[in-house]
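Taking this note's numbering, the leading residue of the sequence shown gets 5, the next gets one more, and so forth.
Glycine is no exception: its CB is placed at the ideal position from the N, C-alpha and C atoms.
All values reported here derive from a predicted model rather than from experimental measurement.
As structure tokens, the structure follows; a few thoughts come after it.
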Amino acid sequence: MKQSEIKQLSTAELQERLSETKKSYADLKMAHAISPLENPIQLRAIRRTVARLATELTNREGQ
5 MKQSEIKQLS TAELQERLSE TKKSYADLKM AHAISPLENP IQLRAIRRTV
55 ARLATELTNR EGQ
């Protein structure tokens, strides 16, 4: 998810997306621990998406 897409979301949508993305990251991480993922770069991409969403939420709370 790109930063420009994240900025267009409402705060409620951001919170919902963040929880969904965190859950998918946890699921992928668990699956990777059991048997290696075909594309382990997915973990990095999802982790960075989580960080982007959390950063945008923090920035909005500060305003």
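Item to complete: Compare the beta carbon distance of residue 61 and residue 22 with 8 Å and say whether it is the shorter of the two.
Response: yes
Worksheet entry | Beta-carbon contacts of residue 32 that lie in its chain and below 8 Å, excluding the five residues immediately before and after | 41, 46, 47, 50
Worksheet item: Heavy atom of the ligand ZN less than 7 Å from the Cβ of residue 22, yes or no?
Response: As for the ligand ZN, it is missing from this structure, which has no ligand bound.
Worksheet item: What do you get for residue 53, buried or exposed, if any count of 16 or more other CB atoms within 10 angstroms of its CB means buried?
Response: buried
Fill in: Three-way DSSP call (helix, strand, coil) for residue 41 in this model
coil
Practice prompt. Can you tell me which of the three DSSP states residue 5 falls into?
Written response: coil
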